[in-house]
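**Q**
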Amino acid sequence: MVTGIVLEITPPFSSSEIPFCQKRNPQTHLKDADMFWDFLSLRPESLHQVTFLFSDRGIPDGFRYMNGYGSHTFKLVNADGEAVYCKFHYKSDQGIKNLSDEEAAKISQEDPDYSTRDLFNAIATGNYPSWTLYIQVMTFNQAETFQFNPFDVTKVWPHGSYPLIPVGKLVLNRNPVNYFAEVEQLAFDPNNMPPGIEPSPDKMLQGRLFAYADTHRHRLGPNYLQIPVNRPSGAQVANYQRDGSMCMFNPGGAPNYYPNSFGAPEQQSRFLTHSTTYSGDARRYNSANEDNVTQVRIFYTQILNEEQRKRLCDNIARSLKSAQLFIQKQAVKNFRDVHPDYGARVQALLDKYNAEKSKVSPEQPG
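Below is the structure:
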């Protein structure tokens, strides 16, 4: 679950580039606006997430006042083997509250653990935060004729055509007894799906199905699934995994191969993966040239009000001003493609910052 309703990019082989462009410069070891904005300005499909990130919702007032989104498309399969595509949304029952840049800067200096403290204290005093789980549903036939790729993780399904359906609640009613044991050792993995939920052809999700488990084996060891916080609660594990570093449970002398003649675990046919039909040729294609602006334009012109648009452009310009001019131009072009007003506002603010910078004479060596 992520806090942005979309992600920055679609190709799974580029997913590692997102944290790389936000790391420190390898030579200066300083935060580098060139790295960040160069990458994003060359990936126009990132416009949706960038606009969301730099809007008011980019700085939530703690964990209790933010939504969570599955972002990816999944499949729901019923007992009769009938399947549909779906998206998951967690809407905060506490409502949405955000901080201004000034408030966030003040809090980060005075109490860097503000959000963690707020969440812990709310749970400790019985004021349990909760989120309502909603799903959107799309049939396979609807997906075939959808106006864009329904598995594109940089876009949303219109709520008017695919309304939110409430299905349950997520309630946080207990704090961890030991933070390291219950949080640091957690191994979230999109492979962990209960029967009835399956992956879709979503390319980024398909990449994550491999990447997460592979990373956990490196971070926590080959038997990370035996760590208490990652084990099924109250259920007996029935598999053929054996040995390895930090192995805590080995099924005695039972065979570790399948099939076998000694009564070891059998496949459960009712939990087999739903059949999937593919047709046509498979090839790699560049999704960056698809329509990356329509949904961002709707967000900018119809969702945000005038004050929110002003703060969005202020936030972007304050970050983008530290990048080189040619990178600024690349980014502003993308904003103009979304809406002329969007690009013009950011450019006007950059012109002001750049003019002020040019007035400052470089210090002469003493």
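If you're matching positions, the sequence shown starts at 1 in UniProt numbering and goes up one per residue. Here a beta-carbon is modelled for each residue, glycine too, at the ideal position from N, C-alpha and C.
1) Distance check for L99 and S130, CA to CA, integer angstroms please.
2) Leaving out the 5 sequence neighbours to the left and right, which residues in its chain are closer than 8 Å to L119 when beta-carbon positions are compared?
3) Since Y212 and N191 should fall inside the 8 Å C-beta cutoff, what is the C-beta to C-beta distance between them, to a whole number of angstroms?
4) From S275 to R231, what does the alpha carbon distance come to, in whole angstroms?
5) Would DSSP call S233 helix, strand or coil?
6) Measure the beta-carbon distance from S248 to Q226 and round it to whole angstroms, keeping in mind my assumption that it falls under 8 Å.
7) Output the distance between the C-alpha atoms of T273 and V183, rounded to the nearest integer angstrom.
8) Are the CB atoms of N175 and A124 within a distance shorter than 8 Å?
9) Could you spell out the range, first to last residue, of the alpha helix (DSSP H) harbouring I18?
10) Measure the CB-CB distance between residue 367 and F74 and report whether it falls below 8 Å.
11) Going by Cα to Cα distance, which pick from E17, A33, N25 and K23 is closest to Q324?
12) Mapping DSSP to helix, strand and coil, what is C86?
13) Please report how far the alpha carbon of I197 lies from the alpha carbon of R284, in whole angstroms.
14) I need the DSSP call for P228, collapsed to helix, strand or coil.
15) Quick check on I327: buried or exposed, where buried means 16 or more other Cβ atoms within 10 Å of its Cβ?
16) Near S55, what residues of its chain come up, given a Cβ to Cβ distance below 6 Å and the 5 sequence neighbours on each side ignored?
17) Any idea which residues DSSP pairs N98 with across the strands?
18) For Y134 and H72, which I take to be in contact (beta-carbon distance under 8 Å), what is that distance rounded to the nearest angstrom?
19) Ends of the beta strand (DSSP E) at I135?
20) Measuring alpha carbon to alpha carbon, tell me which residue in F188, A104 and L320 is nearest R219.
21) To the nearest angstrom, how far is the alpha carbon of R336 from that of I59?
22) Please report the Cβ distance between V332 and V346, rounded to the nearest whole angstrom; I am assuming they are in contact, meaning their Cβ atoms lie under 8 Å.
23) Quick test of the definition: if touching needs 3 or more C-beta pairs under 8 Å, does the region 138-150 touch the region 79-88?
**A** On the basis of the coordinates in this document:
1) Cα-Cα distance, rounded: 20 Å.
2) These residues qualify, in order along the chain: G62, F63, R64, P129 and L172.
3) Between N191 and Y212 the Cβ distance is about 7 Å, and since that is below 8 Å, they are a contact.
4) Going by the C-alpha atoms only, they are around 28 Å apart.
5) In the structure shown, S233 sits in coil (DSSP, three-state: anything other than H, G, I, E or B).
6) The amino acid occupying residue 248 in the given sequence is Met; Ser does not appear at that position. Correct: roughly 5 Å between the Cβ atoms.
7) Distance between the alpha carbons of T273 and V183: 30 Å.
8) Yes. Within cutoff.
9) Note, I18: alpha helix (DSSP H), E17 to C21.
10) Nothing can be reported for residue 367, as the shown portion of the chain is limited to 1 through 366.
11) Comparing alpha carbon positions, the residue from E17, A33, N25 and K23 closest to Q324 is A33.
12) Assignment of C86 by DSSP, reduced to helix, strand and coil, places it in the strand class.
13) Looking at the two C-alpha atoms, the distance is approximately 27 Å.
14) Note: P228 maps to helix in three-state DSSP.
15) By the Cβ neighbour-count rule, I327 is buried, with 16 or more other Cβ atoms within 10 Å of its own.
16) The answer, listed in chain order, is L312.
17) Assignment of beta-bridge partners to N98 by DSSP yields P60.
18) Going by Cβ atoms, the distance from Y134 to H72 rounds to 15 Å, so no, they are not a contact pair.
19) Unbroken beta strand (DSSP E) run through I135: S130 to M138.
20) Looking at the Cα atoms, F188 is the closest of the given residues.
21) For the pair R336 and I59, the Cα-to-Cα distance works out to about 24 Å.
22) At roughly 6 Å, the Cβ-Cβ gap stays under 8 Å, so V332 and V346 are in contact.
23) Output reads yes: the region 79-88 touches the region 138-150.
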